[in-house]
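Enquirer:
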Amino acid sequence: MATIHDVAKLAGVSTSTVSRVLSRSRPVNPESARKVVAAAEQLGYRYNAVARALRTNRSNTIGMLVPQISNPFFPALVEAVERRLQREGLELLLCDSQRDVDVEARRLRTLVERQVDGIIISPYDFTGSIPAVSGVIGQIPVIQVDRRVDGTLSDWVGADDWAGLAQVIDLLVSVGRRRLVFVSSAHTNYSGRARSDAFDAALRRHGLEAARTALLGSFEVEWGLEAARRLIGDLDTVDGIVCGNDAIALGVLRGLRQAGVRVPDDVAVTGFDDITFAEISDPPLTTVRQQWDVMADECVRLLLQPDTYGPRSIAIAPTLQIRESTPKPEAP
Ligand code: RIB
42 MATIHDVAKL
52 AGVSTSTVSR
62 VLSRSRPVNP
72 ESARKVVAAA
82 EQLGYRYNAV
92 ARALRTNRSN
102 TIGMLVPQIS
112 NPFFPALVEA
122 VERRLQREGL
132 ELLLCDSQRD
142 VDVEARRLRT
152 LVERQVDGII
162 ISPYDFTGSI
172 PAVSGVIGQI
182 PVIQVDRRVD
192 GTLSDWVGAD
202 DWAGLAQVID
212 LLVSVGRRRL
222 VFVSSAHTNY
232 SGRARSDAFD
242 AALRRHGLEA
252 ARTALLGSFE
262 VEWGLEAARR
272 LIGDLDTVDG
282 IVCGNDAIAL
292 GVLRGLRQAG
302 VRVPDDVAVT
312 GFDDITFAEI
322 SDPPLTTVRQ
332 QWDVMADECV
342 RLLLQPDTYG
352 PRSIAIAPTL
362 QIRESTPKPE
372 AP
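For the sequence shown, this note's numbering assigns the number 42 to the initial residue and increments by one for each residue that follows.
Structure representation (structure tokens):
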């Protein structure tokens, strides 16, 4: 069993630094904190669960950092987290990393300096966010939500992307759509990576291959519009467009409509999130609904309950919302 001395030796710091990092008694140099967390991870060192309790000099404030507050998914998640924190008598301090890892790092430093008792973060970049996220993990309790960085640096709560895409592909296959293409975000963030893998796995389960190479850009309406324009000349080989989130799907619907393509008659379209606009789009969008209330409950539960066995991952299955952008399933 690794000891604090082993962690200190591997990290190249003193045992008192290791203790300060893991007990968060006092702020520590972010680089040292990162080294200590990485060494503890590598050695499987399990620190005293009590040490993970919220700081003694509590501010009763939790910091939250999201990649892009203008994307409708994030306000829904933030609202759910704030409601849940209020039930614990805790306040929320919200920051937007503006899809920039340098801004994200600055916001994290600000939250620590403002003495928040813990941080809930959806990291912008799968690898680029690692230094900043691991730097704060050694200082205060951190929960990653929705997106995560590479490695198991802290507790994580998010969507079960594989369950979500499986429901979508099962639905499309059940209504006879088998020539499917994936339109989503590039693999720079966790959600983009996970959903691409989930799409491929769901197709394999049905013995299918993608009708053409995935179109990967960003979780934006504009990318959906661009993808639709690229697909218009190819639609005789595609009968379903599976989108990595609702914003992309709304852009795809608009692009198809501009080209006179009928949804779902000519091609079905699906999304992921179930933002407010999904239900009022034309046609209303078939999607999977992220359980942000459950995610919020789990984030706050993990934040308030020190872990005893190291980082935990909680994936929550989204629920299928069948609407008019896919053919009507046969009555059972
Ligand atoms: O819509 C933005 C996407 O990025 C959502 O699906 C959410 O999961 C976030 O990761």
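Yeah, the Cβ is synthetic: ideal placement off N, Cα and C, and Gly gets one too. No experiment lies behind these values; they were computed from the predicted model shown.
1. Based on the DSSP output, what are the partners of SER225 in its beta bridges?
2. So the alpha helix (DSSP H) LEU272 belongs to, where does it begin and stop?
3. Round the Cβ separation of ALA252 and LEU291 to the nearest angstrom and send it over; I've been treating them as touching at under 8 Å.
4. Reducing DSSP to helix, strand and coil, say where LEU106 ends up.
5. Label ASN101 either buried or exposed according to how many other C-beta atoms from any shown protein chain fall within 10 Å of its C-beta, with 16 as the threshold for buried.
6. Between which two residues does the alpha helix (DSSP H) holding ASP287 run?
7. Give me the Cβ distance between SER170 and VAL190, rounded to the nearest whole Å; I'm assuming they're in contact under 8 Å.
8. Name the DSSP bridge partner or partners of VAL283?
9. In angstroms with no decimal places, state the Cα-to-Cα distance between GLN109 and VAL186.
10. If you check the beta carbons only, do ALA227 and TRP203 fall under 8 Å apart?
11. Which one of LEU249, LEU194 and GLY233 has the shortest CA to CA distance from LEU213?
12. Please name the residue, chosen from LEU257, ILE321, CYS340 and GLU339, that lies closest to GLU362 on a Cα-to-Cα basis.
13. Would ASP287 pass as a contact of ALA319 if the rule is Cβ separation under 8 Å?
14. With a threshold of 7 Å (Cβ to nearest heavy atom), would PHE260 be considered close to the ligand RIB?
15. So is the beta-carbon of ASP40 under 7 Å away from any non-hydrogen atom of the ligand RIB?
16. According to DSSP, what are the bridge partners of ILE355?
17. Hey, is ARG188 close to the ligand RIB, as in C-beta under 7 Å from one of its heavy atoms?
18. Less than 7 Å between the CB of PHE114 and some heavy atom of the ligand RIB, yes or no?
Expert: Well, looking at it:
1. Note: SER225 sits in a beta bridge opposite LEU257.
2. That run of the alpha helix (DSSP H) goes 262-272.
3. Contact between ALA252 and LEU291 does not hold, since the beta-carbon distance rounds to 21 Å and is not under 8 Å.
4. DSSP places LEU106 in strand when its eight states are reduced to three.
5. Burial state of ASN101 is exposed, judged by a 10 Å Cβ sphere holding fewer than 16 other Cβ atoms.
6. Where ASP287 is concerned, the enclosing alpha helix (DSSP H) stretches over 287-299.
7. That belief holds up - the Cβ atoms of SER170 and VAL190 are roughly 5 Å apart, short of 8 Å.
8. Looking at the DSSP output, VAL283 sits in a beta bridge with PHE223 and THR311.
9. Inter-residue distance for GLN109 and VAL186 is about 14 Å (C-alpha atoms, whole angstroms).
10. Going by C-beta atoms, ALA227 is not nearer than 8 Å to TRP203.
11. Among LEU249, LEU194 and GLY233, the Cα nearest to that of LEU213 belongs to LEU249.
12. For clarity, residue 362 is Gln in the given sequence; the question names Glu instead. Of LEU257, ILE321, CYS340 and GLU339, the residue nearest in Cα terms is ILE321.
13. Contact: yes.
14. Within the cutoff, so yes.
15. Residue coverage of the chain in this structure runs from 42 to 373, which leaves residue 40 outside it and unanswerable.
16. Beta-bridge partners of ILE355 (DSSP): VAL198.
17. Relative to the non-hydrogen atoms of the ligand RIB, the Cβ of ARG188 comes within a distance shorter than 7 Å of at least one.
18. Yes - the ligand RIB has a heavy atom lying nearer than 7 Å to the Cβ of PHE114.
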